[in-house]
Amino acid sequence: ESSLSSHIGKLELIGDTPAISVRVTPLVGGARIIKRTMDIVIGGIMLILAAIPMAIIWLVVKISDPKHSAFYSENRLSRYNQKVRIYKFRSMKPEFSGMSPEDAFKKMGKPELIEKYRSGGDFIPNDPRITRVGRFLRASSLDELPQLWNVLRGDMSFVGPRPERKYFIDKIMQHDSRY
């Protein structure tokens, strides 16, 4: 192993998904204050600029499914295993929300999609769980705009690891015995 790779990290596979194992260097003192200040300033400006597009997206999602919320939220684990509630625009059909892909595909009577989904790197084209509006939102990453609120709250940052589902954290922990 070269000295460069030991400073940056190393490429590993978790299942079929490539991941970079990075050595953590915690921010302390002034650097931490500057990072948080930048998150607040940039996040605030971006939230103001995104307000009208977000209102339009909210309206389109709400019109496409008036019975359900235009927003989706879920608990995730941030750094140091702190629970945070992450917000997104709803892109998945509500009846599959919060379910594992395996359970959702079984519920819709299409268990054959499980292997296709997992072997495709947790992706299948025209995923039947996703709404038509949701396909566009995900392809353009506009479903993530509400996370600007999470940045302002300090739940996550523009730079650094993003909060993740416990399932994926457990999968990484099982793969990498250093944790």
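Residue numbers for the sequence shown follow the working numbering, beginning at 2 and rising by one. Glycine is no exception: its CB is placed at the ideal position from the N, C-alpha and C atoms.
Span of the beta strand (DSSP E) around residue i
{"i": "Val-85", "result": "84 to 90"}
{"i": "Tyr-73", "result": "72 to 78"}
{"i": "Lys-68", "result": "Unbroken run through Lys-68: none, as it is neither H nor E."}
Given residue i as reference, the closest of the options once Cα atoms are compared
{"i": "Ile-115", "options": "Gly-30, Pro-54, Glu-103 and Ile-131", "result": "Glu-103"}
{"i": "Met-181", "options": "Thr-38, Pro-19 and Trp-59", "result": "Lying before the first or after the last residue shown, residue 181 is absent from the chain, which here runs from 2 to 180."}
{"i": "Tyr-88", "options": "Met-100, Pro-95 and Ala-71", "result": "Ala-71"}
{"i": "Val-134", "options": "Leu-146, Arg-166 and Val-61", "result": "Val-61"}
{"i": "Met-109", "options": "Ser-92, Arg-91, Phe-124 and Asp-128", "result": "Asp-128"}
{"i": "Arg-139", "options": "Gly-99, Phe-90 and Leu-153", "result": "Phe-90"}
{"i": "Thr-132", "options": "Ala-105, Asp-66 and Asp-17", "result": "Asp-66"}
{"i": "Val-42", "options": "Lys-172, Arg-166, Arg-154 and Lys-167", "result": "Arg-154"}
{"i": "Met-93", "options": "Ser-79, Lys-63 and Ala-32", "result": "Lys-63"}
{"i": "Met-55", "options": "Met-174, Glu-13, Ser-22 and Ser-142", "result": "Ser-142"}
{"i": "Asp-17", "options": "Phe-124, Asp-171 and Arg-166", "result": "Phe-124"}
{"i": "Glu-145", "options": "Ile-58, Glu-13 and Leu-12", "result": "Ile-58"}
Identified DSSP bridge partners for residue i
{"i": "Glu-165", "result": "Leu-78"}
{"i": "Ser-22", "result": "Lys-11"}
{"i": "Ile-131", "result": "Met-93"}
Where the alpha helix (DSSP H) through residue i begins and ends
{"i": "Val-152", "result": "148 to 154"}
{"i": "Asp-186", "result": "With the chain running from 2 to 180 in the structure shown, residue 186 is simply not present."}
{"i": "Lys-117", "result": "113 to 120"}
{"i": "Pro-102", "result": "102 to 108"}
Integer Cβ distance of residue i from residue j, believed to fall under 8 Å
{"i": "Arg-77", "j": "Pro-164", "result": "4 Å"}
{"i": "Arg-130", "j": "Phe-169", "result": "Arg-130 to Phe-169, Cβ: 18 Å. No contact."}
{"i": "Asp-40", "j": "Phe-159", "result": "6 Å"}
{"i": "Ile-15", "j": "Lys-172", "result": "6 Å"}
{"i": "Ser-22", "j": "Lys-11", "result": "5 Å"}
heavy atom of the ligand FAD below 7 Å from residue i C-beta
{"i": "Ile-131", "result": "Among the components modelled here there is no ligand, and therefore nothing to report on the ligand FAD."}
Cutoff 8 Å: residue i Cβ touching any chain C Cβ
{"i": "Met-109", "result": "The structure shown has no chain C; it contains just one protein chain."}
So, does the stretch 104 to 124 touch the stretch 71 to 86, judging by three or more C-beta pairs under 8 Å? no
For the stretch 31 to 50 against the stretch 148 to 157, do three or more pairs of beta-carbon atoms, one drawn from each stretch, fall closer than 8 Å, so that the two count as touching? yes
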